[in-house]
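Below you'll find the structure, written out as structure tokens, and then a few comments.
In the numbering used here, the protein residues as written are 21 to 133.
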């Protein structure tokens with residue numbers, strides 16, 4: 021049941037991002053906050069998809085190893101490492117984006133943008 025809620029949340033996040041973008045383009049509305057948050061939301065969804073896929077494959081490999089009493093040694097550690105790398109990369113990207121935003125780096129002096 022928990023997986024159903026996770027999938028539902030992911031679908032709602034993706035749909036709301038698409039609707040938000042459509043409405044902003046339709047009414048030609050932009051904001052500094054939206055320009056900051058939208059790319060972050062997109063990155064989160066993409067990294068989340070990749071990380072979720074890796075974790076699902078890892079779970080299948082572990083369950084397969086346990087069910088069939090076989091070891092797939094090169095694959096299992098590689099999937100664990102990839103999952104770690106994706107998680108750390110995601111955290112680092114958000115930290116950099118947040119630090120840039122908080123420091124004002126790259127922001128325009130024009131308040132209309």
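Just so you know, even glycine gets a beta-carbon here, dropped at the ideal spot from N, CA and C.
Around the beta carbon of residue 74, 16 or more other beta carbons lie within 10 angstroms, which makes this residue buried. The three-state reading of DSSP puts residue 51 in coil, since its state is none of H, G, I, E or B. Contact between residue 113 and residue 69 does not hold, since the beta-carbon distance rounds to 15 Å and is not under 8 Å. The C-alpha of residue 35 is placed about 24 Å away from the C-alpha of residue 118.
Buried is the label assigned to residue 99, since at least 16 other Cβ atoms lie within 10 Å of its Cβ.
When the Cα atoms are used, residue 102 and residue 90 turn out to be separated by approximately 22 Å. Taken atom to atom, the span from the alpha-carbon of residue 88 to that of residue 81 is near 10 Å.
Nearest Cα to residue 27 within the set 97, 65, 120 and 60: 65. When the beta-carbon positions are compared, residue 106 and residue 67 come within less than 8 Å of each other.
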